[in-house]
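Here is the structure we will look at.
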Amino acid sequence: MKTILPYLMLLFCGLSFSQTTITGSVVDDNSQPIPGANIIIVGTSTGTVTDFDGNFSLTTNLNPPFSLQGSSVGFETVTLEVTSNNQNINFILNEGTSLDEVVISASRTPERVFESPVTIERFGLKEIKNTASAEFYDGLENLKGVDVNTNSLTFKSVNTRGFATFANTRFMQLVDGMDNAAPTLNFPLGNLLGMIETDVQSVELLPGASSALYGANAFNGILFMRSKSAFDHTGISAYYKQGLTSQETAGDNEYKDYGIRAAHKFSDKFAAKINFSYLQGTDWAANDTRGKDRDNTFVKPGSTRANDIDYDGINVYGDLVSTNLSRVKSSPDFLAQLPNPALANLVPDVNVSRTGYDEADLTNYDAKSIKADWGLYFRPWENDFEIQYVGKIGSGSTIYQGSNRYQIKNFFLQQHKLEIKNKNFFVRGYLTADNGGDSYDMVFTGVNLNRQWKSDDQWFGEYAGAFIQGTLGGLTAEQAHAAARAAADTGRFEPGTPEFINAFNKVTSDPDVLTGSQLKSESKIYHADANYNFSHLTDFAEIQVGGSARQYVLNSSGAIYTDRLSEIYYSEVGLYTQLQKKFLEDDRLKLTASLRYDKSQLFDAFLSPRISLGYNIGENENHNIRASFQTGFRNPDTQALYIGFNVGPIVLIGGAADNPERFSKTVSAGNGLSTTGQAIIGSNSLTFNGAGAYNNSFTRSSVTAFGVSRNPADLQIANIGLVKPEQVSSFEIGYRGKIDKFIVDFSTYLNQYKDFLATRDVVNPLYGDVQLTQQLPNTTPLAIAAIANSDFQAFRAYTNTAADVNSYGAAIGVSTKVFGNFDFETNYTFTKLDFDRVANPNTQTNFNTPEHKVKASFGNTELFENFGFNVAWRWSDNYVWEASFATGAVPAFHVMDAQINYRVPSLKSTFKAGASNLFGDEYFTAVGTGLIGSMYYLSWTINN
-12 MKTILPYLML LFCGLSFSQT TITGSVVDDN SQPIPGANII IVGTSTGTVT
38 DFDGNFSLTT NLNPPFSLQG SSVGFETVTL EVTSNNQNIN FILNEGTSLD
88 EVVISASRTP ERVFESPVTI ERFGLKEIKN TASAEFYDGL ENLKGVDVNT
138 NSLTFKSVNT RGFATFANTR FMQLVDGMDN AAPTLNFPLG NLLGMIETDV
188 QSVELLPGAS SALYGANAFN GILFMRSKSA FDHTGISAYY KQGLTSQETA
238 GDNEYKDYGI RAAHKFSDKF AAKINFSYLQ GTDWAANDTR GKDRDNTFVK
288 PGSTRANDID YDGINVYGDL VSTNLSRVKS SPDFLAQLPN PALANLVPDV
338 NVSRTGYDEA DLTNYDAKSI KADWGLYFRP WENDFEIQYV GKIGSGSTIY
388 QGSNRYQIKN FFLQQHKLEI KNKNFFVRGY LTADNGGDSY DMVFTGVNLN
438 RQWKSDDQWF GEYAGAFIQG TLGGLTAEQA HAAARAAADT GRFEPGTPEF
488 INAFNKVTSD PDVLTGSQLK SESKIYHADA NYNFSHLTDF AEIQVGGSAR
538 QYVLNSSGAI YTDRLSEIYY SEVGLYTQLQ KKFLEDDRLK LTASLRYDKS
588 QLFDAFLSPR ISLGYNIGEN ENHNIRASFQ TGFRNPDTQA LYIGFNVGPI
638 VLIGGAADNP ERFSKTVSAG NGLSTTGQAI IGSNSLTFNG AGAYNNSFTR
688 SSVTAFGVSR NPADLQIANI GLVKPEQVSS FEIGYRGKID KFIVDFSTYL
738 NQYKDFLATR DVVNPLYGDV QLTQQLPNTT PLAIAAIANS DFQAFRAYTN
788 TAADVNSYGA AIGVSTKVFG NFDFETNYTF TKLDFDRVAN PNTQTNFNTP
838 EHKVKASFGN TELFENFGFN VAWRWSDNYV WEASFATGAV PAFHVMDAQI
888 NYRVPSLKST FKAGASNLFG DEYFTAVGTG LIGSMYYLSW TINN
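Residue numbering for the sequence shown follows my numbering, beginning at -12 and increasing consecutively.
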């Protein structure tokens, strides 16, 4: 026994500590290495990924034999047998089709694109590496059905299926499960504060309503960005881009962008990663000097400062302030200039605006983005059960166009997430907080710069006095107006002077819109959500349940919202369930049904069902047809609820039940209250709130008509309703399949909206009721007198319209190989709004989408050894851009992007040279933004 015991102990130790090591490589059918390929032991969660050269090494406690699976996005999956220790396994993966790629977002569970129950677009590692755009985020513009509206160089807004604005609260963007929206703005700032290129694992995009699984904000679509795992993708990778932007207005300017990713797997239990990126360039300068109609913001092509005394330039700020000269007659500054008071009768009954500053005088167009994120990942049992903490911060400077044009400067956003998950469930909670930094409203910067130099009363008084002097001197009306402006502008702060700089700094650091322009914000969102998949517990069907909760904390100090006196709090909760079941022979028929319950603190609860059927046809099941019906809803966003923003001619007012009374404004003699109005109310000042927009208002179009006709019968009562959730019923059918050598993906849809959220332009008389029951002694209704004396406040109020609003469209994409191994893709998208604008002139839908779009790409990842290229072209039809800042036509345009790349395996590097808008035909996607020029760049990417 003593002799045998040592041998038994030795055998036991050997068995206890035996390990199997497998090494190998993964290449494509052209013998080119595939970096980032997944290697996993079948039936376990143990795996690794290949390095830049396509090599891998994997150690396990399992003893052979067992199966090893190799896979990569865009390639067919291969399984090989491991029969001995230290075996060398070499995978050869044949290139697959886009239909074989696996997506998660369509059903919250992994499935092939081919079998997705709804339309989905995917932008994987291959597409990211080969995009012709300077940034991967810009490459989304080439996806079928996707619109990207360019606000500025670093701020682009993604949208699908219409109703696009830069403040796109209808579209949701998730980064590793976290909503990327800034709390103050309630929408994502593009990729300004998103993900860096070397950490992107995949991007998925769901067009259309997704409320049934993702809640109220996923109304028009949802974008998912997923980062690389710190366990699977270790090491250091980095990129550097250097180039220039070229625009006729701004000239040629340097552009640089660099980033680094570092991840380390300390053990099978613990891993960590960190990312950092920095981008700097010069924004697209905006210099559209065409005038705008003050009543409806439509562009007036013939209006210039030289020929329009009431000029309001698109990219000229300060001329927003306008008054009728007849109201100046009581101004002391005016009367002091007159030797005889009777001369006041020479003042014409015309509107005149102050002189504004060009946008270039109020910004340096600095575009900047600084992003960093980090993560700690713990797997206590060395399997897929994972506990993680993720932190993200971002700061940037850009131009944002909403109700006005804003310089977003040193804006700061942070997110912190705790999550527990495995392949069957997740529970996460995160905080999103923002800080407006040094951001400011450029329109009100111009307005209050003028007021720092000279008050409105003084300026208009001097203008009227100089006009009379010119008239008495024999000048024509046109000449007298020119002389009056020159006299009133004498001594005006000139850009670049110490007086201008001091006034500029004072105004942009003051959040009071009456005297300053700072956008002050420190808002927060607290969010939690969870999901459990029961598929491992039952074979009947795949069943999921989940839920979410969110609390908003708004704090703009009154600069945007009606939160001057206190923060605004409100919350939302939701629950959902989904069932997926396959039927018939070979599981050809797939049913997906889901139901979501949502309750906002401010509104009644809503149910959102979705049902879809997919059927695989053909002998080889390589054709899939699908049909789906779903209802969605959209809670009014933070601005639709609680905005209270005075933008000059109008006030933007939110329609939450408690909001109109939270807004207040004071008018006084010479500042919005006429002499007649003072006599009527018996005071030289009046303070009012926003309630009149909803319970005592006329439609703005009828007030305009009354101004021409002076016929009270033209006035129409508005008295609109407060906001409530918007609903949509969405019908979609589609086809995916392989026809000979062609991959075809087609979809068509119809969206029918109920209680469509929109804004209506209304006019609230400052005294009198719109039912015209309150009258002056001469029987003139008080409200008529108020309108006639211009004693009213125009509101752009958030509400729901009872008008029929529908949209429909279709999209088809075709991809194939041509000339051997060249990739060719093309797609066409049709989008149409069904809405009677003539019958609803006071309602803005902000559809802002071209009816027709065509896109195409052509490239080869291996034109010759280690050399590839890609060319992407897109064409957009003309359309009307409708927004509160400016409304007008966007001409049709076409753009071509191109890149060539060369891989140097010995350096684990890829070098790329590319150009966006290669031919330099400048264009714009929204009225008021800078023309989009060209970008030329060189990049070096290491170990990605």
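Idealized CB from N, CA, C, for every residue including glycine. Since this is a predicted model, take the numbers as computed values, not measurements.
- By the criterion of at least three beta-carbon pairs nearer than 8 Å, the segment 726 to 738 is not in contact with the segment 776 to 784.
- Nearest to F593 by alpha-carbon distance, out of K711, F650, F527, is K711.
- Within the DSSP bridge table, the entry for R747 names A784, T830 as partners.
- The C-beta separation of Y242 from Y265 comes to about 12 Å, leaving the pair out of contact by the 8 Å criterion.
- Collapsing the DSSP output to three states places S688 in a helix.
- Taking 8 Å as the upper bound for CB-CB distance, M165 and S214 are not in contact here, some 11 Å apart.
- Here P52 has E68, V69, T70 as same chain residues with Cβ atoms under 7 Å from its own Cβ, once five neighbours each way along the sequence are excluded.
- DSSP places L850 in the uninterrupted beta strand (DSSP E) bounded by 839 to 851.
- For the pair of segments examined, the segment 408 to 417 was found not to touch the segment 384 to 393: the number of CB pairs separated by less than 8 Å stays below three.
- Straight across, the Cα-Cα distance linking Y298 with F399 is about 36 Å.
- The shortest C-alpha to C-alpha distance from E509 to any of S426, E449, N706 is the one to S426.
- Going by beta carbons, D864 and K899 fall outside the 8 Å limit.
- With contacts defined by Cβ atoms closer than 8 Å, K569 and L562 do not form a contacting pair.
- Distance from the Cα of N327 is smallest, within the candidate group G483, G452, T813, for G452.
- Counted as a single uninterrupted DSSP element, the beta strand (DSSP E) harbouring T47 occupies residues 42 to 47.
- With the rule of 3 Cβ pairs closer than 8 Å, the segment 843 to 861 does not count as touching the segment 171 to 180.
- Within the DSSP bridge table, the entry for A205 names no partner.
- R687 sits close to V750, with the two beta carbons spaced by under 8 Å.
- Approximately 5 Å separates the beta-carbon atoms of P170 and D421; this is inside 8 Å, confirming the contact.
- The three-state reading of DSSP puts T8 in strand, counting E and B together.
- Sequence-distant Cβ neighbours of F911 in its own chain, meaning closer than 7 Å and more than five residues away, are V877, L918, I919.
- Judged by beta-carbon spacing, A250 lies within the 8 Å limit of H220, meaning their Cβ atoms are closer than that value.
- Check the Cα spacing between F834 and each of N609, R148, L127, K143: the tightest is with R148.
- A straight line joining the alpha-carbon of T618 with that of G796 spans about 17 Å.
- DSSP, reduced to helix, strand and coil, places I26 within a strand of the structure shown.
- Between A354 and the set N240, L312, N391, the nearest pair of CA atoms involves N240.
- Annotation: the continuous alpha helix (DSSP H) that includes G457 extends over 443 to 459.
- Each of K408, I637, N622 was checked against the Cα of W368, and the nearest Cα belongs to K408.
- Beta-bridge partners assigned by DSSP to S717: Q617, N738.
- The alpha-carbon of F743 is positioned some 20 Å away from that of I704.
- Here the alpha carbon of W927 sits roughly 21 Å from the alpha carbon of S189.
- Here the alpha carbons of F856 and T185 stand approximately 20 Å from one another.
- Note: P194 is bridge-paired with G208 in the DSSP secondary-structure output.
- Look at the segment 201 to 266 and you find these whole runs of beta strand (DSSP E), each 3 residues long or longer: 208 to 214, 222 to 234, 238 to 252.
- Counting only runs of 4 or more residues that sit fully inside the segment 140 to 172, no alpha helix (DSSP H) segment turns up.
- Per DSSP, F123 lies in no alpha helix (DSSP H) and is assigned neither H nor E.
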